[in-house]
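Residue numbers (UniProt numbering): 1 to 917.
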């Protein structure tokens with residue numbers, strides 16, 4: 001059962017009831033309820049800026065959380081025809097003694113996936129947190145999820161597929177007809193993916209936890225922050241803090257931080273001896289070295305042995321921090337990977353794609369537990385391996401005799417009528433080995449096992465369980481192992497068929513040998529100095545690793561794992577990208593037992609958390625704690641030197657979004673930072689390129705596209721590719737657009753210029769939201785909008801514009817209709833004015849190649865529109881004809897491509913003429 005695998009610091013039943021309560025609400029929605037977009041409209045209220053109590057604080061987020069979950073499910077139901085699916089082979093109750101009203105737990109078995117895609121729809125394997133729907137056929141519309149034969153049944157996936165049985169544990173909304181569908185080929189059942197609810201379930205638990213007796217010091221601090229909130233505690237600062245001061249001198253200065261970075265780190269480290277709950281904000285605008293600052297802060301807390309949890313909203317964000325802190329620690333260690341046991345990263349390995357981050361396996365919880373389980377094994381673990389190696393070295397003959405049936409070996413040799421040792425023949429007989437073969441094979445096996453265990457222990461055990469002196473003995477032991485192995489490989493054994501007692505043991509392997517003697521003494525010392533705890537099972541080892549780590553890294557919602565009973569308290573909480581986090585989600589780690597200090601790092605001037613429901617978004621559900629505290633006047637430490645953008649790029653956003661508080665680092669002001677990738681002023685470090693003839697139209701879904709801008713971008717990428725082939729200079733290009741339809745069209749157009757094998761020329765096409773946190777050498781922005789009314793929709797969002805304008809290192813080229821943008825009365829109007837004032841404004845028509853491309857695509861668009869118009873008229877006016885042999889209507893033909901093909905011929909001819917000229 002689900003409960004049997006959970007044990008939390010709060011009452012188990014309360015915690016699980018909270019989660020089940022949320023699922024009960026979702027399960028209660030019928031299809032009609034899900035398709036009713038106004039079901040929570042009157043229940044969702046605007047979230048206030050201040051709160052009277054922790055209870056009021058939590059309760060204000062519950063209705064919008066339900067509305068957001070409902071909106072997400074509604075959206076996915078509408079697209080159910082494209083949803084991933086799998087075929088179910090068997091369904092059976094998890095408990096044989098089931099009686100209502102107990103929860104409906106089932107085990108399901110799936111048909112193995114042979115084709116990843118079927119009819120354009122991806123197949124998949126349900127994962128924990130997935131909400132799935134059961135159907136008796138592949139759904140093509142919402143109503144297919146509810147038929148007379150198969151009513152609307154949804155289920156929540158509790159656990160991943162069992163490695164042995166292959167079964168998946170689910171919690172169902174209704175009773176499922178149990179059957180083995182493998183035996184009846186006339187029946188089929190499918191599980192269709194709807195959404196993943198893991199994060200929302202965890203938020204719900206946090207919002208519905210018992211307030212009495214909880215650790216709410218930090219929560220109380222942010223309900224109604226006072227005017228001096230964010231200031232360092234003057235009472236505690238008055239005391240001596242020499243240890244933190246030394247850390248500042250030895251570590252902070254060595255990382256070459258600028259003054260603002262150093263002040264931020266020093267202020268946070270200074271709280272280490274403060275006994276009063278506090279929250280600090282670090283403001284990190286684009287390119288100001290936020291990740292470097294966070295890593296330096298964590299490294300300082302690591303050196304001060306301060307137990308700290310570091311979270312981020314996404315796997316990508318937390319992996320960036322983990323990579324940086326791993327690098328800092330590895331640069332400081334003196335003995336291989338000793339010390340990494342005090343750092344642990346955990347999360348979903350499949351989603352994290354950890355293989356793309358070299359070295360992080362040494363701190364990843366799943367890998368750590370898997371390796372430590374071999375050390376803790378009662379039969380083949382650390383103690384047993386030491387004993388086996390000791391016994392073998394002391395008396396290899398005794399072990400040989402216990403392993404080999406010598407009478408059988410002698411009979412075999414006699415049958416061959418040979419008095420000489422013939423290893424090539426003996427090797428063919430299973431279990432027959434000479435003493436030499438046995439010794440070398442056994443030593444090799446024990447050596448490899450011992451090396452693995454030694455490396456595992458000094459890498460994955462916390463330093464409190466393994467001293468530096470012991471590690472030095474381990475390294476000496478590894479040296480002796482290598483030396484003994486070399487000597488043994490070179491040793492000469494006597495080849496004889498005499499009794500084993502008369503076998504000759506080489507001098508290098510005699511107990512009197514100096515290396516053997518020293519190694520045996522080392523093994524004895526290691527056996528006595530490393531006392532491993534008696535831990536049974538994966539869960540206990542996980543808890544051991546998490547409880548004894550100094551630095552813990554995970555996503556914000558995953559931090560709920562630390563609520564396990566008996567878990568050591570965390571003193572510091574660091575949340576990176578805190579401005580991208582819904583405030584209710586940040587409550588999960590902020591309620592951890594023993595938490596004293598919280599540090600939020602982010603930038604409220606960039607995009608907040610994504611909220612799909614307009615109702616929830618309008619009530620402030622996407623607002624972060626970081627943004628709310630800033631609104632209330634909370635003091636924040638600003639990182640004020642940017643290291644990413646050429647000054648020509650940073651000038652406008654620094655002025656418009658950050659009141660000119662950010663300065664350019666010397667590295668970006670250096671002459672070498674100005675790079676030219678294409679000839680012409682239009683392709684300088686910063687430019688706005690006016691495409692007056694662009695046309696916006698509806699694309700995929702309700703999104704917009706502008707095929708003229710697509711064509712111009714394609715030509716730019718083509719020219720950049722040609723220049724790359726000529727110079728062989730590595731370049732990365734990012735193409736950003738606010739509209740998904742435009743992103744799709746650009747991706748289709750430019751994929752001909754990219755190659756997986758050509759890593760020196762990379763092109764990444766994403767939405768603005770998808771590019772937050774990213775950076776490239778060249779950024780091309782496609783604004784899409786082109787109309788006479790100055791309507792730019794959500795493009796006018798200042799946070800979205802800020803993200804788009806701050807991703808480039810060397811060149812930023814913005815494409816758009818200047819007239820539309822200038823008439824929009826938005827941030828884009830200011831950008832047009834600024835570009836003209838700085839002589840960074842250019843018309844695309846001024847470039848002959850771009851002018852030709854624009855004319856061609858406009859001609860093609862006009863031909864297609866004309867052809868489509870004629871087709872529509874035919875469709876409306878033409879009466880179907882019925883011939884004498886058939887009752888079927890003759891379908892009108894689609895728009896002819898003849899004119900389009902003629903256009904392409906004219907274009908090809910013109911290109912040939914231009915090439916000759």
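For every residue, glycine included, the Cβ atom is placed at its ideal position computed from N, Cα and C. All values derive from a computational prediction rather than experimental measurement.
Residue 811 lies in the beta strand (DSSP E); which residues open and close that run? Your numbering for residue 811 matches position 811 in the chain shown. Residue 811 -> beta strand (DSSP E) spans 808-816.
Roughly how many angstroms lie between the CA atoms of residue 456 and residue 336, to the nearest whole one? The residue you call residue 456 lines up with position 456 of the chain shown. The residue you call residue 336 lines up with position 336 of the chain shown. Distance between the alpha carbons of residue 456 and residue 336 is about 12 angstroms.
Extent of the continuous beta strand (DSSP E) to which residue 558 belongs: Reading the chain shown from its first residue, position 558 is the one you call residue 558. Per DSSP, residue 558 belongs to no beta strand (DSSP E) and is neither H nor E.
Cβ-based neighbour list, residue 182, same chain, cut-off 8 angstroms, excluding 5 preceding and 5 following: The residue given as residue 182 occupies position 182 in the chain shown. If we look at residue 182 and ignore the five residues flanking it on each side, its Cβ neighbours are 89 and 90.
What does the alpha-carbon distance come out to for the pair residue 123 and residue 117? Here residue 123 refers to the residue found at position 123 of the chain shown. Here residue 117 refers to the residue found at position 117 of the chain shown. Spanning the two alpha carbons is a distance of roughly 6 angstroms.
Taking the CB atoms as reference points, tell me whether residue 653 and residue 802 lie closer together than 8 angstroms. In the chain shown, counting from the first residue as 1, residue 653 sits at position 653. In the chain shown, counting from the first residue as 1, residue 802 sits at position 802. It is a contact, given that the beta carbons lie within the stated cut-off.
Give the secondary structure of residue 692 by DSSP, where H, G and I count as helix, E and B as strand, and everything else as coil. As a working mapping, residue 692 is identified with position 692 in the chain shown. Three-state DSSP puts residue 692 in coil, outside helix and strand.
Let me know the beta strand (DSSP E) ranges lying completely inside the region 333-391, each 3 residues or longer, listed in chain order. 343-345
Between which two residues does the beta strand (DSSP E) containing residue 574 stretch? The residue you call residue 574 lines up with position 574 of the chain shown. 572-575 is the span of the beta strand (DSSP E), which, as asked, contains residue 574.
Three or more beta-carbon pairs under 8 angstroms between the region 253-271 and the region 198-207, yes or no? no
With a threshold of 16 other CB atoms inside 10 Å of the CB of residue 501, please say whether the residue is buried or exposed. Within the chain shown, numbered from 1, the residue matching residue 501 stands at position 501. Residue placement at residue 501 is flagged as unreliable, the pLDDT there being 48, under the threshold of 50; the coordinate-derived value follows with that caveat. With fewer than 16 other Cβ atoms within 10 Å, it is exposed.
Buried or exposed: where does residue 64 fall if 16 or more other Cβ atoms within 10 Å of its Cβ makes it buried? Residue numbering aside, residue 64 sits at position 64 when the chain shown is read from its first letter. With 16 or more other Cβ atoms within 10 Å, it is buried.
Residue 644 to residue 658 span [Cα, whole Å]: The sequence position of residue 644 within the chain shown is 644, counting from 1. The sequence position of residue 658 within the chain shown is 658, counting from 1. Taking the straight line from one Cα to the other gives about 16 angstroms.
Checking 8 angstroms against the spacing of the C-beta atoms, do residue 74 and residue 35 come in under that value? In the chain shown, residue 74 corresponds to position 74, counting from 1. In the chain shown, residue 35 corresponds to position 35, counting from 1. In this structure, residue 35 lies closer than 8 angstroms to residue 74 by Cβ.
Going straight from the alpha carbon of residue 103 to that of residue 20, what length do you get? The count along the chain shown starts at 1 and reaches residue 103 at position 103. The count along the chain shown starts at 1 and reaches residue 20 at position 20. So the alpha carbons of these two residues sit roughly 9 angstroms apart.
Three or more C-beta pairs closer than 8 angstroms, one from the region 589-608 and one from the region 556-575: is that the case here? yes
Using only the alpha-carbon positions, how far apart do residue 561 and residue 218 sit? For the purposes of this step, residue 561 is taken as residue 561 along the chain shown, with counting starting at 1. For the purposes of this step, residue 218 is taken as residue 218 along the chain shown, with counting starting at 1. Approximately 19 angstroms between the Cα atoms of the pair.
Determine, using beta-carbon pairs with one atom in the region 335-353 and one in the region 456-475, whether at least three such pairs fall under 8 angstroms. yes
Going straight from the alpha carbon of residue 396 to that of residue 487, what length do you get? Against the chain shown, residue 396 aligns to sequence position 396. Against the chain shown, residue 487 aligns to sequence position 487. Approximately 16 angstroms between the Cα atoms of the pair.
Check whether the region 732-749 and the region 704-720 touch, using three or more Cβ-Cβ pairs below 8 angstroms as the test. yes
With DSSP collapsed to three states, give me the class of residue 147. Taking the chain shown and counting its residues from 1, the one referred to as residue 147 is at position 147. In the structure shown, residue 147 sits in coil (DSSP, three-state: anything other than H, G, I, E or B).
Going residue by residue through the region 693-770, where are the continuous alpha helix (DSSP H) segments of at least 4 residues, counting only ones entirely within it? 707-727 and 740-750
Own chain, CB closer than 6 angstroms to residue 71, minus 5 neighbours either side, in chain order: As a working note, residue 71 is residue 71 in the chain shown. 612 and 613, listed in sequence order.
Going straight from the alpha carbon of residue 258 to that of residue 670, what length do you get? For the purposes of this step, residue 258 is identified with residue 258 of the chain shown, where counting begins at 1. For the purposes of this step, residue 670 is identified with residue 670 of the chain shown, where counting begins at 1. So the alpha carbons of these two residues sit roughly 17 angstroms apart.
Tell me the rounded alpha-carbon separation between residue 354 and residue 772. Residue mapping note: residue 354 aligns to position 354 of the chain shown, counting from 1. Residue mapping note: residue 772 aligns to position 772 of the chain shown, counting from 1. One C-alpha to the other measures close to 21 angstroms.
For residue 374 and residue 609, I'd like the C-alpha separation in whole angstroms. Your numbering for residue 374 matches position 374 in the chain shown. Your numbering for residue 609 matches position 609 in the chain shown. Spanning the two alpha carbons is a distance of roughly 42 angstroms.
Using a Cβ-Cβ cutoff of less than 8 angstroms, which residues in the same chain neighbour residue 543 once the five nearest sequence positions on both sides are dropped? Counting from one through the chain shown, the residue named residue 543 turns up at place 543. Once the five neighbours on either side are set aside, the close Cβ partners of residue 543 are 564, 566 and 567.
Residue ranges of each beta strand (DSSP E) run of no fewer than 3 residues wholly in the region 567-636, ordered along the chain? 572-575 and 597-602
Let me know the secondary structure DSSP gives residue 934 once reduced to three states. Because the chain is modelled from 1 through 917, residue 934 falls outside the range shown and cannot be assessed.
Is it right to say residue 276 is buried, meaning 16 or more other beta carbons lie within 10 angstroms of its own, or is it exposed? Working through the chain shown from its first residue, we reach residue 276 at position 276. Burial call: exposed.
Coil, strand or helix - residue 186 by DSSP: On the chain shown, position 186 is the one that residue 186 refers to. Residue state, collapsed to three classes: coil.
Residue 519: buried (16+ other C-beta within 10 angstroms of its C-beta) or exposed? Taking the chain shown and counting its residues from 1, the one referred to as residue 519 is at position 519. Burial call: buried.
Excluding the 5 residues flanking residue 251 on each side, which residues of the same chain have their C-beta closer than 8 angstroms to its C-beta? In the chain shown, residue 251 corresponds to position 251, counting from 1. Within the same chain, residue 251 has close Cβ partners 296, 299, 300 and 303.
Residue nearest to residue 515 in terms of C-alpha spacing, selected from 539, 481, 548 and 493: Residue 515 sits at position 515 when you count from the first residue of the chain shown. Of the candidates 539, 481, 548 and 493, the one whose C-alpha sits nearest the C-alpha of residue 515 is 481.
What span of residues does the beta strand (DSSP E) with residue 783 cover, start to end? Position 783 of the chain shown, counted from the start, is the residue given in the question as residue 783. First-last for residue 783: undefined, no H or E at that position.
Who are residue 156's beta bridge partners in DSSP? As a first step, residue 156 is located in the chain shown; it is residue number 156 there, counting from the start. DSSP, once it has assigned bridges, lists 131 and 171 as partnering residue 156.
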